[in-house]
Structures are given as structure tokens and as C-alpha cells.
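Below: one structure, written as C-alpha cells.
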Amino acid sequence: MSALAYLIPISVFLGLLGLAAFLWALRSGQFRDIEGDAARILLPDDPEPNLGRSGKSAPEED
1 MSALAYLIPI
11 SVFLGLLGLA
21 AFLWALRSGQ
31 FRDIEGDAAR
41 ILLPDDPEPN
51 LGRSGKSAPE
61 ED
């Protein structure tokens, strides 16, 4: 029974800490562009060069 005297305040503190972290993330704009982040993760960082039949990079068209 005396363990509850320690566990309840600890659980309330951790709940408030999680709520504070969520509110900080919300105010700093972490959830602003969810669709853009989902699409951006699929794009390559460095696009591969367009290789022709000879294996050399093809000239870029203007």
C-alpha cells in the first residue's frame, strides 16, 4: 500500500511530462506538413544520372 504513495505521483509526473512534450511539438510546428513529409521520404537524396546505352551519362536537354 505504501508503494502507491510513490507510484501515483511518479505516474502523474510522467503523464504531465508527456503532455508537455506533445504541446511543445505542436507549438513548434512538428505536425504542420504531414503529407509532404510522407512523400518526401520516398524521394531519393541524390538522383541517379540518366545512363544511355553506352553507359555514359546522356546530355541534358534544355
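According to this note's numbering, numbering within the sequence shown proceeds without interruption in unit steps and concludes at 62. Glycine included, C-beta positions come from ideal geometry on N, C-alpha and C.
Contact under 8 Å by Cβ, residue i with residue j
i, j, result
"Phe31", "Ala25", "yes"
Separation of residue j from residue i, as counted between CA atoms
i, j, result
"Leu16", "Met1", "24 Å"
"Arg40", "Ser11", "37 Å"
"Leu4", "Leu14", "15 Å"
"Arg27", "Asp33", "13 Å"
Start and end residues, alpha helix (DSSP H) containing residue i
i, result
"Asp45", "Premise fails: Asp45 is in no alpha helix (DSSP H) and is neither H nor E."
"Gly15", "Ser2 to Arg27"
"Asp37", "Ile34 to Arg40"
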